[in-house]
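Number of protein chains: 2
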Amino acid sequence: MAETVAGLGEFALIRDLLQPVQLPAAAGVAVGIGDDGAVLTVPRTQQLVATVDGLVEGIHFAAGADPDRLARKALRVNLSDLAAMGARPCWYLLSLSLPPETPLTWVERFAAGLREEGERFGVTVVGGNTTGSLGGIFVNVTLMGLVSQDRAMLRSGAQAGDRIVVSGTIGDAALGLAVRQGRLAVAADRQFLEERLDLPEPRVALGLALADSAVAHGVIDLSDGLVADLGHLCAASGVGAVIETGRIPFSPVARDLLEKDGALLPLLLTGGEDYELLFTVSPGAVDLVAALAREVGVPLTDIGEITTGETIQVMQGGQPLALDRGGWRHF
Amino acid sequence: MAETVAGLGEFALIRDLLQPVQLPAAAGVAVGIGDDGAVLTVPRTQQLVATVDGLVEGIHFAAGADPDRLARKALRVNLSDLAAMGARPCWYLLSLSLPPETPLTWVERFAAGLREEGERFGVTVVGGNTTGSLGGIFVNVTLMGLVSQDRAMLRSGAQAGDRIVVSGTIGDAALGLAVRQGRLAVAADRQFLEERLDLPEPRVALGLALADSAVAHGVIDLSDGLVADLGHLCAASGVGAVIETGRIPFSPVARDLLEKDGALLPLLLTGGEDYELLFTVSPGAVDLVAALAREVGVPLTDIGEITTGETIQVMQGGQPLALDRGGWRHF
Numbered sequence: 388m389a390e391t392v393a394g395l396g397e398f399a400l401i402r403d404l405l406q407p408v409q410l411p412a413a414a415g416v417a418v419g420i421g422d423d424g425a426v427l428t429v430p431r432t433q434q435l436v437a438t439v440d441g442l443v444e445g446i447h448f449a450a451g452a453d454p455d456r457l458a459r460k461a462l463r464v465n466l467s468d469l470a471a472m473g474a475r476p477c478w479y480l481l482s483l484s485l486p487p488e489t490p491l492t493w494v495e496r497f498a499a500g501l502r503e504e505g506e507r508f509g510v511t512v513v514g515g516n517t518t519g520s521l522g523g524i525f526v527n528v529t530l531m532g533l534v535s536q537d538r539a540m541l542r543s544g545a546q547a548g549d550r551i552v553v554s555g556t557i558g559d560a561a562l563g564l565a566v567r568q569g570r571l572a573v574a575a576d577r578q579f580l581e582e583r584l585d586l587p588e589p590r591v592a593l594g595l596a597l598a599d600s601a602v603a604h605g606v607i608d609l610s611d612g613l614v615a616d617l618g619h620l621c622a623a624s625g626v627g628a629v630i631e632t633g634r635i636p637f638s639p640v641a642r643d644l645l646e647k648d649g650a651l652l653p654l655l656l657t658g659g660e661d662y663e664l665l666f667t668v669s670p671g672a673v674d675l676v677a678a679l680a681r682e683v684g685v686p687l688t689d690i691g692e693i694t695t696g697e698t699i700q701v702m703q704g705g706q707p708l709a710l711d712r713g714g715w716r717h718f
Numbered sequence: 388m389a390e391t392v393a394g395l396g397e398f399a400l401i402r403d404l405l406q407p408v409q410l411p412a413a414a415g416v417a418v419g420i421g422d423d424g425a426v427l428t429v430p431r432t433q434q435l436v437a438t439v440d441g442l443v444e445g446i447h448f449a450a451g452a453d454p455d456r457l458a459r460k461a462l463r464v465n466l467s468d469l470a471a472m473g474a475r476p477c478w479y480l481l482s483l484s485l486p487p488e489t490p491l492t493w494v495e496r497f498a499a500g501l502r503e504e505g506e507r508f509g510v511t512v513v514g515g516n517t518t519g520s521l522g523g524i525f526v527n528v529t530l531m532g533l534v535s536q537d538r539a540m541l542r543s544g545a546q547a548g549d550r551i552v553v554s555g556t557i558g559d560a561a562l563g564l565a566v567r568q569g570r571l572a573v574a575a576d577r578q579f580l581e582e583r584l585d586l587p588e589p590r591v592a593l594g595l596a597l598a599d600s601a602v603a604h605g606v607i608d609l610s611d612g613l614v615a616d617l618g619h620l621c622a623a624s625g626v627g628a629v630i631e632t633g634r635i636p637f638s639p640v641a642r643d644l645l646e647k648d649g650a651l652l653p654l655l656l657t658g659g660e661d662y663e664l665l666f667t668v669s670p671g672a673v674d675l676v677a678a679l680a681r682e683v684g685v686p687l688t689d690i691g692e693i694t695t696g697e698t699i700q701v702m703q704g705g706q707p708l709a710l711d712r713g714g715w716r717h718f
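Top line first, the protein sequences correspond to chains G and R.
Mind the numbering: the first sequence is residues 388 to 718 in this note's numbering, read in order.
Mind the numbering: the second sequence is residues 388 to 718 in this note's numbering, read in order.
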């Protein structure tokens, strides 16, 4: 048996990789993998939501990264986008470019990761494309989901006076990347931080609950860093914002590290890859938000206010905090 | 102003690249680029058809390839897949990974190619993702389209006794690749052959007409080579096929080259990237096929017959032709 993808060829690779990943009897799949395209049925009360995101060797992950984690993260970063829209994730297409020397065990582990994530989140592969690569591994996922007609949540609805709410904790993934790249030394917490980097928790249930309640005015997922993504939401809404560093939710691990070295704060606020949701609500909706947090089991924290201005102000102890960079750049 | 993508950053690149490519007032686009996902409306009599395909530097094109042609081809190979399903193409998501040293003029030419193709075929970008790359240029397109409920054409409907029909001419792209790679010397016809390689003509109108008439039993687009793709269709349908090399439509250029060197024949039949449609119809539907050819202005040629067997036989002058390879491999 061939032991690398070079020995297998594209058709066999697609078959071996994707067929076990396709969930049986997935809703809406009239034709799945194996034809020139997938045929999908969108219920007539629903709209389609589609997004694409990818992971590139040398940019988003290092050579030798665990294929199981790569597969999971490639799905999760897209699940986070659909969560921000309030959509229920359903179907995905995978595009995978692999160097010819990639071992088949890599492909098997990658497929196993996809399958388990698919089962957990109820999403099935419906198409794919595999190619060779002379420049490392490229993983691209296009994820499609459904949202009730006219109920998709957007970045553009934030209003001056709104409270700004974030889910979960901020900055752990940035710390995880710093640890992995040798820029930060930690002892016992390395595993926690790297898992936060490799296995973000997409807030799918929260997104669905927010869309159901119609409580959020503007929503975005935090992929580029809290400050940068808040900036994107504000730009789309034509507003500004002021947030308080003292209100921002940090994990106990992040809090310990911050206590030892306060200079880490900008990294936490701008480092990216949190994959939490940030949304804005009327000041009067605070109780509803608290109820939502209990319902979906995700901490939700009020970190500041939308303003009429055009700037994002990050306040620390009453003073504006200067941040060198507004987010994470791929180039 | 920044002159490479490294100086621009991802957000500006997405904005500069994709915003001019988005068609104004495209049907069904409730939310286009600029949010966490696109929101698309699928009419209730229609189903969604989705496909993904990509072009990779060093695999599908050489360093220095014309970005205008790359953009066009990245769309066209996907348009061909939708044509084979009988779907009307509507929306696409672009994933683009670029080395940091890529000049902005490259991006501008790429965007111009996308825009012109989008206008011609009536498809608009609705989302995208750009990343850096340490290993050359990667272009991925996910294309979505619409087909009337239960009218999508599949590979799996071919029946023993069906006639096998192909559109256009076969083998020009394979010759174009051989010319470009220095494996074949031609004089005046180089431009024609390279254009057939770089700018395949997706048979969108033919696909729509076939779906409308419901005349085709099995349909596939020819990306991997005539023999390999006929094999895929037969495998999906549980049938075999016999085709006659004397019936296969070749361009005048290909015919001239074949007359000089008959050993080119296997290349033409297996070389791939024709992006023509191959479909099967009842023997009694031959007149209808001729009418379709006139209607859409595309030559349609009967090249053989579907059999009850499991093999693909290529006959030349009454003798089976042995072919070394069944198609094009990416690895």
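Even glycine gets a Cβ: it sits at the ideal position worked out from N, Cα and C.
Keep in mind that this is a model prediction, so the values were computed, not measured.
Tell me the rounded alpha-carbon separation between residue i and residue j.
| i | j | result |
| --- | --- | --- |
| Q409/R | G548/R | 46 Å |
| I420/R | A399/G | 35 Å |
| L427/G | C477/G | 10 Å |
| S554/G | P636/G | 8 Å |
| E631/R | V528/R | 35 Å |
| H619/R | A680/R | 24 Å |
| R577/R | L584/R | 11 Å |
| G558/G | Q568/R | 50 Å |
| I446/G | A461/R | 23 Å |
| G519/G | G522/R | 12 Å |
| V629/R | L395/R | 55 Å |
| R507/G | Q406/G | 17 Å |
| C639/G | A709/G | Residue identity check: residue 639/G is Pro in the sequence provided, not Cys. Their backbone Cα atoms lie some 24 Å apart in a straight line. |
Between residue i and chain G, is any beta-carbon pair separated by less than 8 Å?
| i | result |
| --- | --- |
| L595/R | no |
| A680/R | no |
| S535/R | no |
| V602/R | no |
| I699/R | no |
| D525/R | Note that residue 525/R corresponds to Phe in the displayed sequence, not to Asp. Yes, F525/R lies at the interface with chain G (some Cβ there is under 8 Å from its Cβ). |
| L521/R | yes |
| S554/R | no |
| V408/R | no |
| T694/R | no |
How is residue i classed by DSSP in three states: helix, strand or coil?
| i | result |
| --- | --- |
| M388/G | Because M388/G sits at a pLDDT of 46, beneath the cut-off of 50, its placement in the model cannot be relied upon, and the point is left open. |
| A592/R | helix |
| E631/R | strand |
| L483/R | strand |
| L395/R | coil |
| S669/R | coil |
| A461/R | helix |
| Q578/R | helix |
| F637/R | coil |
| G714/R | Caution is warranted here: a pLDDT of 48 is assigned to G714/R, below 50, making its placement in the model unreliable, and no coordinate value can be reported. |
| S554/G | strand |
Does the beta carbon of residue i come closer than 8 Å to any beta carbon on chain R?
| i | result |
| --- | --- |
| V418/G | yes |
| D468/G | yes |
| A545/G | no |
| S669/G | no |
| M388/G | Any reading at M388/G needs caution, since the residue's pLDDT is 46, under 50, leaving its predicted position unreliable; the model's value is listed next. Not an interface residue. |
| R542/G | yes |
| G509/G | no |
| L462/G | no |
| G586/G | The sequence shown places Leu at residue 586/G, rather than the Gly named in the question. Output row for L586/G: interface = no. |
| D599/G | no |
| G548/G | no |
| G605/G | no |
According to a CB-to-CB cut-off of less than 7 Å, which residues of the stretch 607 to 619 of chain R neighbour chain G?
-> I607, D608
contact_flag[the stretch 653 to 669 of chain R, the stretch 558 to 565 of chain R] where n(CB pairs < 8 Å) is 3 or more | yes
Report yes or no: do the stretch 450 to 458 of chain R and the stretch 492 to 510 of chain R share at least 3 C-beta pairs separated by less than 8 Å?
-> yes
Count the CB pairs spanning the stretch 660 to 676 of chain R and the stretch 602 to 610 of chain R that are closer than 8 Å, and state whether there are at least three.
-> yes
Going along the stretch 428 to 458 of chain G in order, which residues come within less than 8 Å of chain R, judged by CB to CB distance?
-> T428, V429, R431, Q434, L435, V436, A437, T438, V439, D440, G441, V443, E444, G445, I446, H447
Name, going along the chain, the residues of the stretch 622 to 654 of chain G whose beta-carbon falls closer than 8 Å to a beta-carbon of chain R.
-> A623
Inter-stretch contact at 8 Å, needing at least 3 Cβ pairs: the stretch 584 to 594 of chain R / the stretch 681 to 693 of chain R | yes
For the stretch 435 to 444 of chain R against the stretch 479 to 490 of chain G, are there 3 or more C-beta pairs whose distance is under 8 Å?
-> yes
Count the CB pairs spanning the stretch 467 to 474 of chain G and the stretch 513 to 521 of chain G that are closer than 8 Å, and state whether there are at least three.
-> no
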